[in-house]
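Novice: Numbering (this note's numbering), first residue to last: 1297 to 1450.
Yeah, the Cβ is synthetic: ideal placement off N, Cα and C, and Gly gets one too.
Predicted model, so just to flag it, every value in this text is computed and none were measured.
Take this structure first; my questions come after.
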Amino acid sequence: MNKLSKIIFAYYLFFLFWGILFKFNIQDTLNIAQNFPTRSLNLSPFSASGGRLEVIFNVLIFIPFGFFSIYLSKNRSFLGKLWMIFTVSFLVEILQYFLGIGASDVTDLITNTFGGLIGIVIYQITQKSKNAQSLVHLLFAFFLAFFTFLILSH
């Protein structure tokens, strides 16, 4: 992974965890030590999720992780890369439960993993292009702009 990709990945991880755990809300981030809401756990897929918009958000926020799974685990099989995405999503859901922030939901686990799968597929498609790395950076720029928009809209 080149230096620019590492910087983008670090930026992405920050926004991934902040977005999922704190919903890009600066006030919640600052007050987390004082205000722990009750824990919520949903094990019924798509039954009590936050609606269509949250499902779309969960898919979109994990697409870049699918891209980076290629860089992070070049020697792993396709299923190994998908397992890594699932594991990170599972970790986030566990953190939400134990920290008492948001709702731990199996729907999130499914949609996050699906988003990572889409990222892997898009990466593999872009590799057939002569300007593959430029395309990947362009896609990352789109997602970074998307994250920035989400932050500014809160």
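Could you name each continuous beta strand (DSSP E) segment of 3 residues or more that falls completely within the region 1367-1394, going from the start of the chain to the end?
Specialist: Runs of the beta strand (DSSP E) inside the region 1367-1394: none found.
Novice: If I measure Cβ to Cβ from valine 1388 and keep anything under 6 angstroms in the same chain, skipping five residues before and after, which residues do I get?
Specialist: Ile1316.
Novice: From leucine 1411 to phenylalanine 1442, what distance separates their C-alpha atoms?
Specialist: Note on identity: in this sequence residue 1411 is glycine, with leucine being the wrong assignment. In a straight line, the C-alpha of glycine 1411 is about 15 angstroms away from that of phenylalanine 1442.
Novice: Considering only DSSP beta bridges, list what aspartate 1401 is partnered with.
Specialist: For aspartate 1401, which the question treats as bridged, DSSP gives the partners Asn1338.
Novice: By the 10 Å Cβ neighbour count, where 16 or more other Cβ atoms means buried, how is serine 1365 classified, buried or exposed?
Specialist: The residue is buried, with at least 16 neighbouring Cβ atoms inside 10 Å.
Novice: Where isoleucine 1416 and leucine 1375 are concerned, what is the direct C-alpha to C-alpha distance, given to the nearest angstrom?
Specialist: Answer to the nearest angstrom: the Cα atoms are 11 angstroms apart.
Novice: Determine the direct distance from the alpha carbon of phenylalanine 1311 to that of valine 1351, and round the result to whole angstroms.
Specialist: Going by the C-alpha atoms only, they are around 17 angstroms apart.
Novice: Could you check how far apart the C-beta atoms of proline 1341 and phenylalanine 1439 are, in whole angstroms? I think they sit under 8 angstroms.
Specialist: Not a contact, Cβ separation roughly 25 angstroms.
Novice: Short of 8 angstroms in beta carbon distance, which residues of its chain neighbour lysine 1370, apart from the five on each side in sequence? Order them along the chain.
Specialist: Contacts found: none.
Novice: Rounded to whole angstroms, what is the Cα-Cα separation between isoleucine 1406 and phenylalanine 1358?
Specialist: So the two alpha carbons sit approximately 11 angstroms from each other.
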